[in-house]
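Chains as they are written, first to last, in full-length UniProt numbering: chain A, 1 to 287; chain B, 1 to 287.
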């Protein structure tokens, strides 16, 4: 599978055997093998532009806003003063686009390992790559894991927008990584990482939560709806250096005017709270 | 599409063009054309048993509990005393299984149009068809729309567990149907109908809500995660004869012991509340 046949692209992966999502391609906009991964951009019949890395859908124009807004605003709105933010990964620019909107954020540093993804996004996915235009942003091309080794007590929030733990992103799901992030945070710092779903990857969710919990005083799992991801949703592990953080109660509550000014299409303060509510079959199993 | 090829079944539909979900079949357990629709039951590599009607996935063993519990407990727990419940559709038995669990429900009447679905479920999907064994249940084979014409002020809650509005279920999405349900309800009565998703069928959601609103004093839209449905979720339109109902605040709150006793795997009182929280892009558009 993972191939284009009769203008249909099919995604499949060992992480979710026996099921696959396919979409109709109207144009192959880009295809290359970078130093790190295979990069494809498609125009499609019903999902808009789609970015695919190593055969796995990273984002579609139809629903990317849910992922980008939630991985950004969940941690940002849990922090009292998220002035300096580090983004690890996020080579399409979507997370930078969202983080830059937050009124308290003054400085964004981003480390993306694959400069080809940045280039391709600038060319074909301008609705996300617009994030790179922010005057708040300093963009580095490099390994986020290595970058963190040289940074101490520098960031208020670290957001890890990685692909799944196959290929270049494996190290970002290990406990070492959470330990490095901890050291790079200022007091009261918060981290938020993509962390799989309760339907398909409960083991991954559990292990990522455990690694985070071993390093951070408070942890939680939240999720959002992204129709084009396997199982139609994606989850986040959030950790704070502070004890007794109420992750589900945003410190900064947005008004309807705020939502409009920031063009928030998915995130709002009620959605924030609901994102931490778990179905019964995992409620007592996680965290 | 909508076919079995090399042991993979692909679902596609005009309701969600340009995208399709496929699963690997290990055994075709049943296939027949009933008076109303094509019925297929598969055993699969990763989803357990799967019921397909007219080429559309109705439920999979992996995630059916989310749908069945939510379409049942959302309306039941909004009602102060849901003693007598009507289920329209639900031929697999899953909704009856859930409704029968509710401590206040004394009597369940179910009207399913296709007796072949009932037969097939009893044979191949016993984990759902167990619902038909409840001593609370009286099962009729017939048209729910016609059934309602002969019933006045009889039910506390009416749950419509239908397929999508193509084929035999079309009439269950029209305003006439909501008008008939209204007349069949006792004072304080509540209805809950399957009603499409905000990602793929926003027009269907809006029209169903509008029809419901034209007949009922209070209405709301809620949704739950069902990975094997298009867009990974499914929504419900809920209406009450009473004004100022707080749908998102369950009248009956379950303890952990209650959840265990009823084997609730998805629904809990926090999930109830969260199910009504809408993303910003639809929050101000619906209801």
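Heads up, the beta-carbon is just placed ideally off N, CA and C, and yes, glycines get one too.
Reference residue i; option with closest CA among the options
| i | options | result |
| --- | --- | --- |
| residue 140 of chain A | A:237, A:110 and A:197 | A:110 |
| residue 168 of chain B | B:133, B:59, B:39 and B:157 | B:39 |
| residue 107 of chain B | B:85, B:263 and B:92 | B:85 |
| residue 101 of chain B | B:183, B:223, B:254 and B:190 | B:254 |
| residue 134 of chain B | B:94, B:78 and B:73 | B:94 |
| residue 182 of chain B | B:219, B:241, B:120 and B:130 | B:241 |
| residue 219 of chain B | B:118, B:246, B:92 and B:50 | B:246 |
| residue 200 of chain B | B:114, B:15 and B:45 | B:15 |
| residue 206 of chain B | B:11, B:173 and B:232 | B:173 |
| residue 180 of chain A | A:152, A:192 and A:193 | A:152 |
| residue 289 of chain A | A:176, A:222 and A:244 | Lying before the first or after the last residue shown, residue 289 of chain A is absent from chain A, which here runs from 1 to 287. |
| residue 243 of chain A | A:232, A:213 and A:256 | A:213 |
Test: residue i CB closer than 9 Å to a CB of chain B
| i | result |
| --- | --- |
| residue 103 of chain A | no |
| residue 270 of chain A | yes |
| residue 65 of chain A | yes |
| residue 266 of chain A | yes |
| residue 233 of chain A | yes |
| residue 49 of chain A | no |
| residue 226 of chain A | yes |
| residue 249 of chain A | no |
| residue 274 of chain A | yes |
| residue 21 of chain A | yes |
| residue 28 of chain A | no |
| residue 279 of chain A | yes |
| residue 33 of chain A | no |
| residue 18 of chain A | yes |
| residue 160 of chain A | no |
| residue 10 of chain A | yes |
Contact with chain A by residue i, beta-carbon distance below 9 Å
| i | result |
| --- | --- |
| residue 284 of chain B | yes |
| residue 252 of chain B | no |
| residue 220 of chain B | no |
| residue 229 of chain B | yes |
| residue 200 of chain B | yes |
| residue 3 of chain B | no |
| residue 206 of chain B | no |
| residue 97 of chain B | no |
| residue 203 of chain B | no |
Residue i CB to nearest heavy atom of the ligand NAD below 8 Å
| i | result |
| --- | --- |
| residue 19 of chain B | In the structure on display, the ligand NAD does not appear, and there are no ligands present to speak of. |
9 Å Cβ cutoff met for residue i and residue j
| i | j | result |
| --- | --- | --- |
| residue 230 of chain B | residue 197 of chain B | yes |
| residue 265 of chain A | residue 36 of chain A | no |
| residue 216 of chain A | residue 235 of chain A | no |
| residue 156 of chain B | residue 190 of chain B | yes |
| residue 60 of chain B | residue 280 of chain B | no |
| residue 73 of chain A | residue 211 of chain A | no |
| residue 270 of chain B | residue 277 of chain A | yes |
| residue 29 of chain B | residue 124 of chain B | yes |
| residue 165 of chain A | residue 137 of chain A | no |
| residue 8 of chain B | residue 24 of chain B | yes |
| residue 53 of chain B | residue 163 of chain B | yes |
| residue 187 of chain A | residue 78 of chain A | no |
| residue 159 of chain B | residue 56 of chain B | no |
| residue 21 of chain B | residue 20 of chain A | yes |
| residue 202 of chain B | residue 154 of chain B | no |
| residue 91 of chain B | residue 114 of chain B | yes |
| residue 194 of chain B | residue 128 of chain B | no |
| residue 116 of chain A | residue 34 of chain A | yes |
| residue 233 of chain A | residue 131 of chain B | no |
Burial state of residue i, where buried means 16 or more other Cβ atoms lie within 10 Å
| i | result |
| --- | --- |
| residue 103 of chain B | exposed |
| residue 1 of chain B | Bear in mind that the predicted position of residue 1 of chain B carries a pLDDT of just 45, short of 50, making it too unreliable to give a figure here. |
| residue 260 of chain A | exposed |
| residue 224 of chain B | buried |
| residue 98 of chain B | buried |
| residue 58 of chain A | buried |
| residue 329 of chain B | Look at the range of chain B in this structure, 1 to 287, and you will see that residue 329 of chain B is not part of it. |
| residue 82 of chain A | buried |
| residue 149 of chain A | exposed |
| residue 146 of chain A | exposed |
| residue 285 of chain A | exposed |
| residue 142 of chain A | exposed |
Neighbour list for residue i in chain E, Cβ cutoff strictly below 7 Å
| i | result |
| --- | --- |
| residue 243 of chain A | Absent from the structure: chain E. Protein chains present are A and B. |
Exercise for the section: Would you mind listing the alpha helix (DSSP H) stretches within the region 146-214 of chain A that are 4+ residues and don't spill past its ends, in chain order? Expected result: 175-184
Handout entry: Minimum length 4: unbroken alpha helix (DSSP H) runs contained in the region 208-274 of chain A
Key = 256-261 and 269-274
Exercise for the section: Could I get the ranges of all uninterrupted beta strand (DSSP E) runs contained in the region 122-146 of chain A, with 3 residues as the minimum, in chain order? Expected result: 137-141
Exercise for the section: Write down every uninterrupted run of the beta strand (DSSP E) in the region 11-56 of chain B whose length is 3 residues or greater and which is fully enclosed by it, in chain order. Expected result: 19-33, 38-44 and 49-53
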